[in-house]
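Novice: This is the structure I want to talk about, given as C-alpha coordinates.
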Amino acid sequence: SKYADPASRPRIIVTIPGTGGSPGLDTEVISDMWKETLGVEVEIQQVEWATYLQDMNRKRLQLWAGSGWQADYADPQDFIDVLFYSKSDVNHGNYSNSEVDDLILEARTEIDNNRRFLLYNQAEQMIVDDAAIFPLWFDTDGYALVKPWVKGYEFTPIIVPKFKDVEIN
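Residue numbering for the sequence shown follows the numbering used here, beginning at 189 and increasing consecutively.
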(Lines of atoms letter the chains of each structure in order from A and count residues from 1; the text may use other names and numbers.)
(Lines give C-alpha, C1' and ligand atoms only; values in the text may rest on other atoms or scores of the structure.)
Protein backbone atom coordinates (compact mmCIF):
# COMPACT_ATOMS: atom_id res chain seq x y z
CA SER A 1 0.00 0.00 0.00
CA LYS A 2 1.21 3.50 -0.72
CA TYR A 3 0.20 4.40 2.86
CA ALA A 4 2.43 1.79 4.57
CA ASP A 5 5.68 3.79 4.56
CA PRO A 6 5.44 6.93 6.73
CA ALA A 7 8.28 8.60 4.80
CA SER A 8 6.46 8.49 1.47
CA ARG A 9 2.85 8.39 2.68
CA PRO A 10 0.65 10.82 0.74
CA ARG A 11 -1.58 13.14 2.68
CA ILE A 12 -5.24 12.25 3.06
CA ILE A 13 -7.81 14.75 1.88
CA VAL A 14 -11.06 14.89 3.83
CA THR A 15 -13.71 16.79 1.89
CA ILE A 16 -16.57 18.45 3.72
CA PRO A 17 -19.47 20.56 2.46
CA GLY A 18 -19.70 24.22 3.32
CA THR A 19 -18.47 27.64 2.39
CA GLY A 20 -16.35 30.03 4.34
CA GLY A 21 -16.01 29.62 8.05
CA SER A 22 -14.11 26.88 9.76
CA PRO A 23 -14.67 23.18 9.43
CA GLY A 24 -16.37 21.58 12.41
CA LEU A 25 -14.28 21.07 15.51
CA ASP A 26 -14.90 17.31 15.30
CA THR A 27 -13.22 17.12 11.87
CA GLU A 28 -10.25 19.19 13.05
CA VAL A 29 -9.81 17.14 16.23
CA ILE A 30 -9.88 13.84 14.34
CA SER A 31 -7.37 15.06 11.75
CA ASP A 32 -5.07 16.24 14.57
CA MET A 33 -5.38 12.83 16.26
CA TRP A 34 -4.47 11.04 13.02
CA LYS A 35 -1.38 13.21 12.63
CA GLU A 36 -0.27 12.82 16.24
CA THR A 37 -1.04 9.11 16.64
CA LEU A 38 -0.58 7.70 13.14
CA GLY A 39 1.71 10.25 11.52
CA VAL A 40 -0.88 10.84 8.81
CA GLU A 41 -1.03 14.27 7.18
CA VAL A 42 -4.65 15.31 6.71
CA GLU A 43 -5.94 18.18 4.63
CA ILE A 44 -9.50 19.32 5.25
CA GLN A 45 -10.99 20.60 2.01
CA GLN A 46 -14.24 22.55 2.25
CA VAL A 47 -16.27 22.88 -0.96
CA GLU A 48 -19.66 24.20 -2.06
CA TRP A 49 -22.54 21.76 -1.50
CA ALA A 50 -23.16 21.33 -5.24
CA THR A 51 -19.48 20.55 -5.88
CA TYR A 52 -19.43 18.19 -2.91
CA LEU A 53 -22.41 16.21 -4.24
CA GLN A 54 -21.05 16.18 -7.79
CA ASP A 55 -17.62 14.95 -6.67
CA MET A 56 -19.19 12.36 -4.38
CA ASN A 57 -21.45 11.05 -7.15
CA ARG A 58 -18.47 10.84 -9.51
CA LYS A 59 -16.50 8.96 -6.83
CA ARG A 60 -13.76 11.60 -6.78
CA LEU A 61 -13.48 11.94 -3.00
CA GLN A 62 -10.86 10.15 -0.98
CA LEU A 63 -12.59 10.64 2.39
CA TRP A 64 -15.62 12.71 3.18
CA ALA A 65 -17.67 13.86 6.12
CA GLY A 66 -21.07 15.43 6.41
CA SER A 67 -22.91 13.58 3.68
CA GLY A 68 -26.18 14.02 5.54
CA TRP A 69 -27.30 10.43 4.99
CA GLN A 70 -29.95 9.19 7.39
CA ALA A 71 -32.50 6.43 7.26
CA ASP A 72 -35.74 7.16 5.44
CA TYR A 73 -37.41 4.24 7.20
CA ALA A 74 -36.39 1.74 9.86
CA ASP A 75 -35.21 -1.15 7.71
CA PRO A 76 -31.71 -2.51 7.02
CA GLN A 77 -32.38 -2.26 3.27
CA ASP A 78 -32.18 1.53 3.56
CA PHE A 79 -28.50 1.32 4.47
CA ILE A 80 -27.10 -2.03 3.42
CA ASP A 81 -28.71 -2.25 -0.02
CA VAL A 82 -28.68 1.45 -0.84
CA LEU A 83 -25.14 2.24 0.32
CA PHE A 84 -23.23 -1.02 -0.26
CA TYR A 85 -24.75 -2.86 -3.21
CA SER A 86 -21.99 -2.61 -5.83
CA LYS A 87 -24.29 -1.19 -8.52
CA SER A 88 -26.07 1.31 -6.27
CA ASP A 89 -25.97 4.92 -7.47
CA VAL A 90 -25.11 6.08 -3.94
CA ASN A 91 -22.36 3.55 -3.25
CA HIS A 92 -19.97 6.51 -3.09
CA GLY A 93 -17.14 4.46 -1.60
CA ASN A 94 -17.17 2.18 -4.65
CA TYR A 95 -17.46 -0.86 -2.37
CA SER A 96 -17.80 -4.16 -4.20
CA ASN A 97 -18.13 -7.67 -2.80
CA SER A 98 -19.97 -10.26 -4.90
CA GLU A 99 -20.95 -12.28 -1.81
CA VAL A 100 -22.54 -9.20 -0.25
CA ASP A 101 -24.32 -8.46 -3.54
CA ASP A 102 -25.70 -12.02 -3.61
CA LEU A 103 -27.04 -11.68 -0.06
CA ILE A 104 -28.61 -8.32 -0.88
CA LEU A 105 -30.26 -9.66 -4.03
CA GLU A 106 -31.64 -12.60 -2.09
CA ALA A 107 -32.89 -10.33 0.72
CA ARG A 108 -34.71 -8.09 -1.78
CA THR A 109 -37.09 -10.89 -2.72
CA GLU A 110 -37.27 -12.81 0.57
CA ILE A 111 -40.82 -12.77 1.97
CA ASP A 112 -39.98 -14.34 5.35
CA ASN A 113 -38.96 -11.31 7.43
CA ASN A 114 -36.82 -13.33 9.86
CA ARG A 115 -34.85 -14.84 6.98
CA ARG A 116 -34.65 -11.45 5.26
CA PHE A 117 -33.17 -9.83 8.37
CA LEU A 118 -30.73 -12.73 8.71
CA LEU A 119 -29.53 -12.14 5.13
CA TYR A 120 -29.03 -8.43 5.80
CA ASN A 121 -27.21 -9.25 9.06
CA GLN A 122 -24.84 -11.55 7.17
CA ALA A 123 -24.23 -8.88 4.52
CA GLU A 124 -23.65 -6.25 7.19
CA GLN A 125 -21.10 -8.43 8.98
CA MET A 126 -19.19 -8.90 5.71
CA ILE A 127 -19.24 -5.14 5.13
CA VAL A 128 -17.88 -4.56 8.63
CA ASP A 129 -15.23 -7.27 8.18
CA ASP A 130 -14.18 -5.66 4.88
CA ALA A 131 -13.90 -2.27 6.65
CA ALA A 132 -15.90 -0.77 3.78
CA ILE A 133 -16.80 2.19 5.93
CA PHE A 134 -15.61 3.51 9.25
CA PRO A 135 -17.97 6.04 10.77
CA LEU A 136 -16.03 8.40 12.98
CA TRP A 137 -18.96 10.01 14.77
CA PHE A 138 -22.70 10.40 14.66
CA ASP A 139 -24.82 13.49 15.10
CA THR A 140 -26.65 13.81 18.38
CA ASP A 141 -30.03 15.10 17.32
CA GLY A 142 -31.61 13.52 20.38
CA TYR A 143 -32.92 16.62 22.11
CA ALA A 144 -36.22 18.43 21.74
CA LEU A 145 -38.23 20.76 23.90
CA VAL A 146 -41.79 19.45 23.98
CA LYS A 147 -44.33 21.69 25.66
CA PRO A 148 -46.80 20.12 28.13
CA TRP A 149 -49.73 20.70 25.76
CA VAL A 150 -48.07 18.64 23.01
CA LYS A 151 -49.03 14.97 23.34
CA GLY A 152 -47.89 11.88 21.42
CA TYR A 153 -44.48 13.13 20.26
CA GLU A 154 -41.86 10.36 20.24
CA PHE A 155 -38.23 10.29 19.21
CA THR A 156 -37.55 7.84 16.40
CA PRO A 157 -34.37 5.83 15.86
CA ILE A 158 -34.09 7.32 12.37
CA ILE A 159 -33.88 10.91 13.68
CA VAL A 160 -36.58 12.22 11.31
CA PRO A 161 -39.53 13.28 13.49
CA LYS A 162 -42.90 11.65 12.86
CA PHE A 163 -45.93 13.77 13.63
CA LYS A 164 -48.82 11.44 12.77
CA ASP A 165 -49.66 10.78 16.45
CA VAL A 166 -48.95 14.29 17.76
CA GLU A 167 -51.83 16.23 19.29
CA ILE A 168 -51.92 19.77 20.60
CA ASN A 169 -54.32 20.29 23.51
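In this text, a Cβ means the ideal position worked out from N, Cα and C, and glycines have one as well. Quantities reported herein were computed from a predicted structural model and do not represent experimental measurements.
Of the choices 343, 346, 338, 342, whose alpha-carbon is the least far from that of residue 355?
Specialist: 338
Novice: Assuming the contact rule is C-beta atoms closer than 8 Å, residue 289 and residue 274 should be a hit. Round their C-beta distance to whole Å, please.
Specialist: 5 Å
Novice: Strictly by DSSP, which residues pair up with residue 251?
Specialist: 202
Novice: Please look up how many angstroms separate the CB atoms of residue 201 and residue 236, rounded, as I've assumed it's under 8 Å.
Specialist: The pair is not a contact, with the Cβ atoms about 16 Å apart (cut-off 8 Å).
Novice: Hey, would you say residue 244 sits closer than 8 Å to residue 257, going by beta carbons?
Specialist: no
Novice: For residue 299 versus residue 269, is the C-beta distance shorter than 8 Å?
Specialist: It is not a contact, given that the beta carbons lie outside the stated cut-off.
Novice: Measure the Cβ-Cβ separation of residue 346 and residue 261 and say whether it is below 8 Å.
Specialist: yes
Novice: Taking DSSP as the reference, what is the three-state secondary structure of residue 234?
Specialist: strand
Novice: Sort out for me which residues DSSP pairs residue 338 with in a bridge.
Specialist: 356
Novice: So, residue 264 versus residue 322, is the Cβ gap smaller than 8 Å?
Specialist: no
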